[in-house]
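In what follows, a structure is listed as structure tokens, so that the remarks can point back to it.
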Amino acid sequence: MEDLDKSSPVAEGMVSAEQSVAGQRHNEFCLNCGTRLQDTFCHHCGQKDLPRRQALGELWTNFISSFWSYEGKFFLTTKYLLTRPGFLAAEYNVGRRERYFHPARMYAFISFVFFLFFFSLPDDEVTELTEEDKQELAQNERSVKESLARSGLDTVVMNGVDTVVQTREGGVRYSLSEAEYKTVEAYDSAQALLPESERDGWVERKFTIRGIELNKKYGADESRFGKDLLAAIKDNFSKMLFFLLPVFALVLKLLYVRRNLFYSEHLVFSIYYYNFFYLAGSVMMLIGLIPSLDWLSTGIGFWIYFYLLFAMKRMYGQGWGKTLVKFTAFSFLFMIAFVIGFALNVLAIIMFI
């Protein structure tokens, strides 16, 4: 929270208030580091030349002027972030940075606002399913199970569906409602009776023991298990997105390997896109509270996706043909990374829920 406080507009304004006295010189030496002052700002530490003591009126005047100066930079950055895809990243990478709000500070502030809305705003009202909806849901469920079975792996299906984990060899199967072993001791005893070559491996053993523990905790109450799992996934969503940020930049680095750009420059571009995503997502969640504006919320969702296309075009300066090809390739590769990250996140949650 300390870092977040430093990144919020009010906190930044309060800090900057002590650095905003314009006009005459007040000190021969910097009050912060003791270096002899050559101009309004210390060339060694950057602190502004301030009077050692300020009257209340001076402090208030300085705070107001600093706050509006800060706000101007913040809103200018927000304006370009929303309306000029890729512009801020290009400006940052060529060195024009002081006039805009720092991308890392903006990330801390906007991501906080986004997840504040994400966890605080009410969910959509749950409506009762019609018989047709139930049949369609059951059909979709069967299709997913068949696809997973063909691949040799079953997965977790929540809210009334058996929870199954199975290896390609078929060694491990677990269901909340039908567990083969009731206790770890019973499982160990059964394993001890088998020849060593036929005993479960490390992975199978871990899943089986975890299945027994979940059965003890939830019994046949699969609905409660589903709710706890969904809540844990929601809680970890912000962490998953954060850890995917360097992957986002890495995919761009691979796609533009001939552009002679540092990985850090792709990372700056990625941070700015994340900032846009969180900002637009926050607006979309607020608009989603008004049923009559659903169309606008959908439009923002499309803009979030295609914003990246325009940002890549401006940032990397290639023609529309190459940009479209790389945008499509990026979407595919990052989706794979997202699915893998989400699956690992769910797996980790199941193992420690």
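Using the numbering used here, you'd call the opening residue of the sequence shown number 82 and step up by one each time. Ideal Cβ placement from N, Cα and C applies to all residues, glycine included.
- Taking 7 Å as the cut-off, the Cβ atoms of alanine 392 and glycine 167 count as close.
- DSSP, reduced to helix, strand and coil, places arginine 291 within a helical segment of the structure shown.
- Counting other Cβ atoms within 10 Å of its Cβ, valine 332 reaches 16 or more and is therefore classed as buried.
- Secondary structure of arginine 395 (DSSP, three-state): helix.
- DSSP places lysine 320 in the helix class (H, G or I) of the three-state scheme.
- Taking the Cα positions, lysine 315 is about 35 Å away from alanine 267.
- Rounded to the nearest angstrom, the Cβ distance from tyrosine 353 to leucine 389 is 11 Å, too far for a contact under 8 Å.
- Proline 203 and threonine 379 have their C-alpha atoms some 18 Å from each other.
- Taking each of Phe306, Asn113 and Ser412 in turn and checking the Cα distance to leucine 131, the smallest one comes out for Asn113.
- For phenylalanine 343, there is no enclosing alpha helix (DSSP H), since its DSSP letter is neither H nor E.
- With contacts defined by Cβ atoms closer than 7 Å, asparagine 317 and asparagine 426 form a contacting pair.
- A straight line joining the alpha-carbon of arginine 395 with that of alanine 171 spans about 8 Å.
- Here threonine 264 is exposed, its C-beta having fewer than 16 other C-beta atoms within 10 Å.
- Counting along the chain, glutamate 172 sits inside the alpha helix (DSSP H) bounded by residues 168-174.
- In this structure, leucine 336 sits away from phenylalanine 419, with a CB-CB distance that is not shorter than 7 Å.
- As DSSP reads the structure, arginine 117 sits in a beta bridge with Phe110.
- The residues Leu390, Met393, Lys394 and Tyr397, in chain order, have a CB closer than 8 Å to that of threonine 404 in the same chain once the five nearest residues on each side in sequence are set aside.
- Counting along the chain, the unbroken alpha helix (DSSP H) around valine 194 starts and ends at 184-201.
- A distance below 6 Å between beta-carbons, with the five flanking residues on each side excluded, links valine 194 to the following residues of its chain, in chain order: Ser363.
- Here lysine 129 is bridged, per DSSP, to Phe122.
- DSSP places tyrosine 386 within a helical segment (H, G or I) once states are collapsed to three.
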